[in-house]
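Chemist: In order, the protein sequences belong to chains C and Y. Read in order, the letters of the first sequence are residues 9 to 342 in our numbering. Read in order, the letters of the second sequence are residues 3 to 356 in our numbering. All C-beta atoms, glycine included, are put in the ideal place defined by N, C-alpha and C. Quantities reported herein were computed from a predicted structural model and do not represent experimental measurements.
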Amino acid sequence: MPDGAEPVLDVKGLRTVFRTRGGEIHAVNDVSFDLKPGELLGVVGESGSGKSVTMMSLLGLLPSPPADIRGGEVLFGGADLLKCAPDHLQSVRGAGIGFIFQDPMTSLNPVFTVGYQIMEPLRRHMGMDKAQARNRAQELLELVGIPDAARRLKDYPHQFSGGMRQRVMIAIALACDPKVLIADEPTTALDVTIQAQILELVRELRQKLGMAIVWITHDLGVIAGIADRVLVMYGGQIVEQGPVGAVFRDPQHPYTRALLTTVPAIRGERTAKLNVIEGQPPIMKAEPAACAFRDRCTVAFDRCGQENPRRITVSPGHDVACFWNPKTGGARHV
Amino acid sequence: MFDASPRKLVEVKGLKMYFPITAGIFRRKVGDVKAVDDVSFEIIEGETLGLVGESGCGKSTCGRAILRLYDPTEGEVWIGGENIARAEPADLRRLRPAMQMVFQDPQASLNPRMTVADIIGEPLDEHTKLTRDEKLARVYELMDAVGLNRAFANRYPHAFSGGQRQRIGIARALALNPKFIVCDEPIAALDVSIQAQVVNLLEELQDKFGLTYLFISHDLSMVRHIADRVAVMYLGRIVELAPRDALFDKPLHPYTEALLSAVPEADPETEATRQRIILKGDVPSPSNPPKGCNFCTRCPKVFDLCHRVKPALREIEPGRHVACHLYEIQQQTARTGAAPEAKKSTQQGEQHET
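1) For Y:L144, which residues from the same chain have a beta carbon less than 7 Å from its beta carbon, with the 5 sequence-adjacent residues on both sides left out?
2) Tell me, please, whether the region 43–53 of chain C touches the region 237–249 of chain C by the rule of three or more beta-carbon pairs shorter than 8 Å.
3) Mark Y:F182 as exposed unless 16 or more other C-beta atoms lie within 10 angstroms of its C-beta, in which case mark it buried.
4) Any idea what DSSP makes of Y:R278, helix, strand or coil?
5) Would the beta-carbon of Y:I240 fall within 9 Å of that of Y:A264?
6) Rounded to whole angstroms, what's the CA-CA distance from C:I285 to Y:Q197? Just pull it up for me.
7) Applying a beta-carbon distance threshold of less than 9 Å, which residues of chain Y neighbour C:R278?
8) Residues of the region 181–212 of chain Y with a CB closer than 8 Å to any CB of chain C: list them in chain order, please.
9) Residues bridged to Y:T50 by DSSP?
10) According to the neighbour-count rule (16 or more other Cβ atoms, all chains shown, within 10 Å of its Cβ), is Y:G212 buried or exposed?
11) Quick one: give me the first and last residue of the alpha helix (DSSP H) that C:S72 is part of.
12) Who are the neighbours of Y:D306 on chain C, taking C-beta pairs under 7 Å?
13) Which residues in the same chain as C:L90 place their Cβ atom closer than 7 Å to its Cβ, once the five residues preceding and following it in sequence are excluded?
14) So Y:S223 contacts chain C; which residues on that side make the cut at Cβ distance below 7 Å?
15) With a threshold of 9 Å between beta-carbons, can Y:L328 be considered close to chain C, or not?
16) List the residues of chain Y that C:A204 touches, going by C-beta distances under 7 Å, in chain order.
17) At a Cβ threshold of 9 Å, is Y:G16 touching chain C?
18) For chain C, find out if any of its Cβ atoms is closer than 9 Å to the Cβ of Y:G33; answer yes or no.
19) Return the first residue and the last residue of the beta strand (DSSP E) that C:S40 is part of.
20) Candidates Y:T117, Y:P91, Y:D221 and Y:V184: which alpha carbon is nearest Y:N156's?
21) CB-CB under 8 Å to Y:G33, same chain, minus the five flanking residues each way: which ones, in chain order?
22) Chain Y partners of C:H226, CB-CB under 8 Å?
23) State the beta-bridge partners of Y:V194 as determined by DSSP.
24) Grouping DSSP H, G and I as helix and E and B as strand, with all else coil, what is Y:R30?
25) Evaluate C:P272 with the Cβ neighbour count: other Cβ atoms within 10 Å of its Cβ, from every protein chain shown; 16 or more gives buried, anything less gives exposed.
26) I need the boundaries of the beta strand (DSSP E) containing Y:C185, first residue and last residue.
27) Give, in chain order, every residue of the region 98–127 of chain C whose Cβ lies closer than 8 Å to some Cβ of chain Y.
28) Listing by chain order, which chain Y residues have their CB less than 7 Å from the CB of C:T264?
29) Return the bridge partner residues of C:I320 from the DSSP annotation.
30) Taking the C-alpha atoms as reference points, what is the distance between Y:K36 and C:F331?
31) Answer with buried or exposed for C:T201, where buried requires no fewer than 16 other C-beta atoms within 10 angstroms of its C-beta.
32) Does any residue of chain Y bring its CB to less than 9 Å from the CB of C:P334?
33) I'd like the list of long-range same chain contacts for C:R160, defined as Cβ closer than 7 Å, with 5 residues on each side in sequence excluded.
34) Applying the criterion that 16 or more other CB atoms from any shown protein chain within 10 Å of the CB defines a buried residue, is Y:P253 buried or exposed?
35) Please list, in chain order, all residues of the same chain as C:L43 whose beta carbon is under 6 Å from its beta carbon, the five residues on each side excluded.
36) Flag this pair as touching only if the region 76–84 of chain Y and the region 165–172 of chain Y have three or more C-beta atom pairs under 8 Å; answer yes or no.
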């Protein structure tokens with residue numbers, strides 16, 4: 009991806025709060041990132057870290073109430089998606105930004121044929137007539153590697169296997185040539201050999217179509233295999249961000265470092281005992297006034313409990329929100 | 003790895019578990035889902051046998067049939083000198099305390115209307131005659147063992163996180179001092195950082211109480227971590243059974259090879275250069291498995307014999323069992339000694355280099 013190119017998607021200071029009976033939950037806290045054309049950005053984090061909520065906030069997919077977007081800007085195609093008219097947002101969804109959901113079983117409508125569901129965005133956003141849309145739908149199914157596409161258009165979702173359904177979801181997301189594709193744990197519900205097929209498909213599609221992709225996952229292995237850049241989220245914040253090589257080779261945040269060692273290796277050296285991150289992920293009941301990871305952090309010191317670290321740049325394009333310096337093993341002077 | 007006299011604790015012989023498919027208003031039987039189709043293996047006392055495979059391969063059904071949570075269609079399951087598969091209900095009840103299970107979903111396997119103390123104490127009510135105080139003492143002891151705070155004994159499952167709920171499930175399984183525990187995907191529903199906690203706990207408990215595990219999982223890297231030996235299942239049959247290191251270093255069955263190659267590794271450099279075997283297509287339906295080898299529809303090394311004859315699981319090296327014609331025919335040739343990478347010439351399927 010060309011450096012310094014104008015980002016296709018620019019998110020600044022996004023904050024999303026859920027109002028619940030038990031009080032407010034601050035799911036996304038001051039999240040800023042951008043996405044360059046053609047780039048594959050991986051987003052990792054545990055459940056509840058705010059990765060899905062961030063992406064759904066961008067497109068106004070969260071029901072309000074309980075969700076409340078408290079601030080921030082999402083710049084896409086010259087407009088702020090958080091402030092634009094509902095009509096405009098509707099045209100961005102599907103046509104400008106495609107979305108692939110985690111569970112291919114529940115995100116397809118069981119009572120419509122797959123063909124109908126692929127043709128729906130084509131007719132709505134691209135103004136195609138039925139015949140044109142059908143041709144394009146068939147092309148799309150062929151593109152995502154579904155054999156016998158013309159006949160399969162008439163099939164219902166239950167007639168497809170999990171991997172094939174996810175291919176259908178990808179076809180729908182790609183239908184209107186989006187500039188950005190957001191994939192929310194698209195392979196989590198799939199078996200490893202099917203996951204390998206889907207990852208291979210995404211690598212191919214990127215080369216062919218060149219759209220920018222945001223890939224949400226909790227599997228660091230998947231990120232290592234396909235992403236250019238990675239965001240690590242914890243407690244609704246980005247705690248580390250950088251090129252995938254730099255983050256895996258030289259992780260800066262104690263959470264990233266711990267995450268990389270809690271997963272046993274499939275090849276090479278076998279660890280005798282797994283590294284553990286003690287404790288539980290936090291429930292963000294208020295805006296973070298201190299580091300959200302400090303209770304589980306092995307290197308936390310006084311300052312971590314007093315203020316929330318801001319992101320600082322450690323090397324070009326690689327930044328971290330932490331007061332601790334892994335090089336010196338002491339505090340960072342910021 | 004094994005001491006002088008490895009004692010078999012569990013012996014499974016020719017286990018079959020078929021579920022009938024019925025049709026029409028008379029529920030006429032029209033076929034079988036062959037979830038587990040002629041599986042044999044043994045588990046040595048004190049070891050962890052990993053059972054891996056993709057969803058629908060029959061690994062959970064196998065675990066459940068061994069504990070007689072299903073009535074097996076055919077076959078024998080010997081645990082401690084008794085055939086569990088054919089035991090009478092009264093005998094079975096007597097045998098239950100020795101064999102327990104930890105379930106996949108800690109949310110669904112705990113009764114939401116029972117307190118933690120009730121849940122952990124229920125097996126004690128059923129199988130022992132402890133007084134109230136003795137029972138409570140035992141519950142506390144178990145809570146300590148799995149790292150749960152005693153103060154939470156009167157809380158309900160909803161008040162706990164996923165990892166803690168799984169600890170409750172483990173404490174319940176331990177209540178009657180079992181010898182053998184079937185862990186059915188115990189970490190699949192947990193977050194990455196919590197998985198390590200639960201796996202470490204299982205390992206600690208194994209050392210402390212001398213437990214034997216059948217660890218069912220689709221997470222190959224976790225199985226590599228916890229298991230001593232590993233069985234790989236595909237479509238209801240075991241395709242390979244081998245000591246852990248041998249299996250992960252040099253998988254013999256083409257399916258094992260593809261499965262291991264499909265697991266992404268958290269290292270961008272190796273990921274960029276690693277050769278992957280991408281299997282084509284999906285797993286066939288267990289109600290209509292292919293004639294011949296079950297894997298023949300997707301196998302990159304398939305040849306005509308595979309379409310006709312089902313390969314048997316045979317020991318080709320001490321402790322290594324493979325069900326594949328490649329090894330039956332050329333058992334003596336250099337093929338068995340060749341590393342997976344060196345077999346490129348025999349690869350007929352798709353192989354990708356990125």
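Modeler: Looking at the atomic coordinates:
1) Excluding residues within five positions, the ones whose Cβ falls inside 7 Å are I122, A173, L176 and A177.
2) Touching, yes.
3) Buried, by the Cβ-count rule.
4) In the structure shown, Y:R278 falls within a strand segment according to DSSP collapsed to helix, strand and coil.
5) Contact: no.
6) So the alpha carbons of these two residues sit roughly 10 Å apart.
7) Near C:R278 (Cβ distances below 9 Å), the residues of chain Y are R226, H227, R246, D247 and F250.
8) Here the close residues are D193, V194, S195, I196, Q197, A198, Q199, V201, N202 and E205.
9) Y:Y215, per the DSSP bridge assignment.
10) Classification for Y:G212: exposed.
11) Counting along the chain, C:S72 sits inside no alpha helix (DSSP H), nor does DSSP assign it H or E at all.
12) Around Y:D306, no beta-carbon contact reaches into chain C at under 7 Å, the shortest distance being about 23 Å.
13) When the five nearest sequence neighbours on each side are left out, the beta carbons in the same chain lying within less than 7 Å of the beta carbon of C:L90 are those of I77, G80, E81 and V82, in order along the chain.
14) Result: V271, P272, A273 and I274.
15) Contact of Y:L328 with chain C is not assigned, every C-beta pair being separated by 9 Å or more.
16) Residues of chain Y passing the Cβ test: A264, R278 and I280.
17) Chain C, which has no Cβ nearer than 9 Å to the Cβ of Y:G16, makes this no.
18) Judged by the 9 Å Cβ criterion, Y:G33 is not in contact with chain C.
19) That run of the beta strand (DSSP E) goes G31 to L43.
20) Comparing Cα positions, the closest option is Y:T117.
21) Contacts found: P22, I23, S289 and N290.
22) Chain-order list of chain Y residues neighbouring C:H226: D193 and V194, by C-beta distance under 8 Å.
23) The secondary-structure analysis by DSSP pairs Y:V194 with nothing; it has no beta-bridge partner.
24) Here Y:R30 carries a strand assignment [DSSP, helix/strand/coil].
25) Label assigned to C:P272: buried.
26) Start and end: F182 to D186.
27) The residues in question: there are none.
28) Those within 7 Å of C:T264 in chain Y number zero; the least Cβ separation is about 11 Å.
29) For C:I320, which the question treats as bridged, DSSP gives the partners C:V328.
30) If I take the Cα positions, the gap works out to 57 Å.
31) C:T201 comes out buried.
32) At least 9 Å separates the CB of C:P334 from every CB of chain Y.
33) So the qualifying residues of the chain are V122, L149 and I154.
34) Y:P253 should be labelled buried.
35) Only P15, V16, L17, L49 and A220 meet the Cβ criterion.
36) The region 76–84 of chain Y makes no contact with the region 165–172 of chain Y; the number of CB pairs closer than 8 Å stays below 3.
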